[in-house]
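Student: Next up is a structure, given as structure tokens.
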Amino acid sequence: MRLTQLRSFHAVATTGSFTAAAQSLHVSQPTITTQVGQLEELHKVELFHRTGKRVLPTEMGQRLLHLSRQIFSLEAEALQLLRESGELRTGHLRVAAVGPAQVTTMLAAFHQHYPGIKVSVSTGNSQEVLGRLTDYSADVGVLAHVESDRRFVSIPYSDHPVVIFCSTQHRFAKRRVICIEELAGEKLILRETGSTTRKALELALKNAGVETHVVMEVTSREIIREAVAQGLGIAAVSEVEFIPGPGLHAVRLEGAQVRTHVHMVCLSERRDMRMVQAFFDVVGREP
Numbered sequence: 011m012r013l014t015q016l017r018s019f020h021a022v023a024t025t026g027s028f029t030a031a032a033q034s035l036h037v038s039q040p041t042i043t044t045q046v047g048q049l050e051e052l053h054k055v056e057l058f059h060r061t062g063k064r065v066l067p068t069e070m071g072q073r074l075l076h077l078s079r080q081i082f083s084l085e086a087e088a089l090q091l092l093r094e095s096g097e098l099r100t101g102h103l104r105v106a107a108v109g110p111a112q113v114t115t116m117l118a119a120f121h122q123h124y125p126g127i128k129v130s131v132s133t134g135n136s137q138e139v140l141g142r143l144t145d146y147s148a149d150v151g152v153l154a155h156v157e158s159d160r161r162f163v164s165i166p167y168s169d170h171p172v173v174i175f176c177s178t179q180h181r182f183a184k185r186r187v188i189c190i191e192e193l194a195g196e197k198l199i200l201r202e203t204g205s206t207t208r209k210a211l212e213l214a215l216k217n218a219g220v221e222t223h224v225v226m227e228v229t230s231r232e233i234i235r236e237a238v239a240q241g242l243g244i245a246a247v248s249e250v251e252f253i254p255g256p257g258l259h260a261v262r263l264e265g266a267q268v269r270t271h272v273h274m275v276c277l278s279e280r281r282d283m284r285m286v287q288a289f290f291d292v293v294g295r296e297p
């Protein structure tokens, strides 16, 4: 197998077409087609399903893509190391985060120190963020909690209280603070299982012996906000993530330590990568 063949395969798998792959590598489409074909013929495997203009990796293609991402990520690191011997002046940092609220301040601080570094951000739940780290499609993750796992390095960044928000027609709407016991019997709209905000609230309710009624489980923050505004129930959110809006009101919880935490995470093997190290150094100094 030649590296050019693997590069052609990787380009097709990531762009979704032979034409786009050729454009990205600045070669002709027949060249890409030939190199991928040679790779398949040499190893007697099928790497893509070709249906009209659609090109989708086969199961073997997906497994090879996982490895090619690692290879070309390491290649990019090597090139960056060779090109730059001083400060980081160019490059690309890929950040995956569970939400915009946690990461915005971090990115502002990093950009102030390294204005020449391009930063791209993707969002998803905790498992999706960790998945992007493990498949090398993200360099740094920003999420609420990481179970003990030797594959990752997790560094605490901040923590925030959880607040309850309701519609402006709810009985809590004229309150600033409530006791957790007052949630008894309330209709709750919760995030999906695995949400750290949900875990924190459910643990506090259990410790307080308070029973509620879960009416919805929703993965979308936007849908939860709309459902609450329409009076379908109340919901919990990290205070830093609550965005005031028409029809919504937030109250703090008194008498219970319900908090969420923000962590910076990377693969253990990439902890000393210059870009990751720079991000941790800069962001770690922020309050």
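Using this note's numbering, you'd call the opening residue of the sequence shown number 11 and step up by one each time.
All C-beta atoms in this analysis are idealised placements derived from N, C-alpha and C, irrespective of residue type, glycine included.
Just so we're clear, the structure is a prediction, and the values are computed from it rather than from any experiment.
Just how far apart, CA to CA, sit D159 and H180?
Tutor: The residue given as residue 159 occupies position 149 in the sequence shown. The residue given as residue 180 occupies position 170 in the sequence shown. Approximately 42 Å between the Cα atoms of the pair.
Student: Could you say if the segment 81-89 and the segment 247-259 meet the contact criterion of at least three C-beta pairs nearer than 8 Å?
Tutor: No, the segment 81-89 does not touch the segment 247-259.
Student: Contact check, A106 vs V156 under 8 Å by CB: the rounded distance?
Tutor: One-based indexing of the sequence shown puts residue 106 at position 96. One-based indexing of the sequence shown puts residue 156 at position 146. With 8 Å as the limit, A106 and V156 do not qualify as a contact, their Cβ atoms being about 13 Å apart.
Student: Considering only DSSP beta bridges, list what V220 is partnered with.
Tutor: In the sequence shown, residue 220 corresponds to position 210, counting from 1. According to DSSP, V220 bridges with nothing at all.
Student: Where in the segment 177-216 do unbroken runs of the beta strand (DSSP E), each at least 3 residues long, occur, reported from the N-terminal end onward?
Tutor: Those beta strand (DSSP E) runs which fall completely within the segment 177-216 and span 3+ residues are 187-189, 197-200.
Student: Take E264 and list the residues in its own chain whose beta-carbon comes closer than 8 Å to its own, dropping the five residues that flank it on each side.
Tutor: As a position in the sequence shown, residue 264 is number 254, starting the count at 1. Within the same chain, E264 has close Cβ partners V187, I188, C189, I190.
Student: Taking 8 Å as the threshold (C-beta atoms), are V293 and M11 in contact?
Tutor: Numbered from its first residue, the sequence shown carries residue 11 at position 1. Numbered from its first residue, the sequence shown carries residue 293 at position 283. Cβ atoms of M11 and V293: not closer than 8 Å.
Student: With DSSP as the reference, label F290 as helix, strand or coil.
Tutor: Counting from 1 along the sequence shown, the entry for residue 290 is found at position 280. Helix.
Student: According to DSSP, simplified to helix, strand and coil, what is V55?
Tutor: Counting from one through the sequence shown, the residue named residue 55 turns up at place 45. Three-state result, V55: coil.
Student: From the DSSP output, which residues share a beta bridge with K63?
Tutor: Numbered from its first residue, the sequence shown carries residue 63 at position 53. Paired residues: none, contrary to the question.
Student: Buried or exposed for L49, going by 16 or more other Cβ atoms inside 10 Å?
Tutor: One-based indexing of the sequence shown puts residue 49 at position 39. So L49 counts as buried.
Student: Residue range of the beta strand (DSSP E) that R258 falls in?
Tutor: Numbered from its first residue, the sequence shown carries residue 258 at position 248. At residue 258 the sequence reads Leu, which differs from the Arg that was named. That run of the beta strand (DSSP E) goes 258-264.
Student: Between the alpha carbons of L103 and R93, how many angstroms are there, rounded?
Tutor: Position 93 of the sequence shown, counted from the first residue, corresponds to residue 103. Position 83 of the sequence shown, counted from the first residue, corresponds to residue 93. Looking at the two C-alpha atoms, the distance is approximately 16 Å.
Student: Within 8 Å, do at least three Cβ pairs link the segment 234-250 to the segment 211-226?
Tutor: At 8 Å Cβ cutoff, the stretches touch.
Student: Name the one or two DSSP bridge partners that I174 has.
Tutor: Against the sequence shown, residue 174 aligns to sequence position 164. In DSSP, I174 forms a bridge with A246, V261.
Student: Label I165 either buried or exposed according to how many other C-beta atoms from any shown protein chain fall within 10 Å of its C-beta, with 16 as the threshold for buried.
Tutor: Here residue 165 corresponds to residue number 155 of the sequence shown, with the count starting at 1. I165 comes out exposed.
Student: Contact defined as beta carbons within less than 8 Å: I believe A194 pairs with A266. What is the distance between those atoms, to the nearest angstrom?
Tutor: Walking along the sequence shown from the start, residue 194 turns up at place 184. Walking along the sequence shown from the start, residue 266 turns up at place 256. Wrong, their Cβ atoms sit about 13 Å apart, outside the cutoff.
Student: Check each candidate in V238, T207, A245 and name the one with the smallest Cα separation from T222.
Tutor: Within the sequence shown, residue 222 is the residue found at index 212, counting from 1. Closest option to T222, Cα to Cα, is A245.
Student: Express the C-alpha separation of L13 and T114 in angstroms, rounding to a whole number.
Tutor: By 1-based counting over the sequence shown, the position of residue 114 is 104. By 1-based counting over the sequence shown, the position of residue 13 is 3. The alpha-carbon atoms of T114 and L13 are separated by roughly 38 Å.
Student: Between S38, L75, V108, which lies nearest to S205 when the distance is taken from Cα to Cα?
Tutor: Here residue 205 corresponds to residue number 195 of the sequence shown, with the count starting at 1. It is V108 whose Cα lies nearest to the Cα of S205.
Student: Please state the DSSP three-state secondary structure of T133.
Tutor: The residue labelled residue 133 in the question sits at position 123 within the sequence shown. Here T133 sits in strand by DSSP.
Student: Check S168 in the structure and name its three-state DSSP category.
Tutor: The residue given as residue 168 occupies position 158 in the sequence shown. Reduced to three states, the DSSP call for S168 is strand.
Student: Could you check how far apart the C-beta atoms of V272 and D169 are, in whole angstroms? I think they sit under 8 Å.
Tutor: Against the sequence shown, residue 272 aligns to sequence position 262. Against the sequence shown, residue 169 aligns to sequence position 159. Going by Cβ atoms, the distance from V272 to D169 rounds to 7 Å, so yes, they are a contact pair.
Student: Please return the same chain residues whose Cβ sits closer than 7 Å to the Cβ of T68, not counting the five positions on each side in sequence.
Tutor: The residue given as residue 68 occupies position 58 in the sequence shown. Contacts found: E56, L57, F58, H59.
Student: With a CB to CB cut of under 7 Å and the five nearest residues on each side skipped, what residues in its chain are close to S95?
Tutor: On the sequence shown, residue 95 is found 85 positions in, with the first residue counted as 1. Annotation note: pLDDT 43 at S95 (below 50); position unreliable, no value reported.
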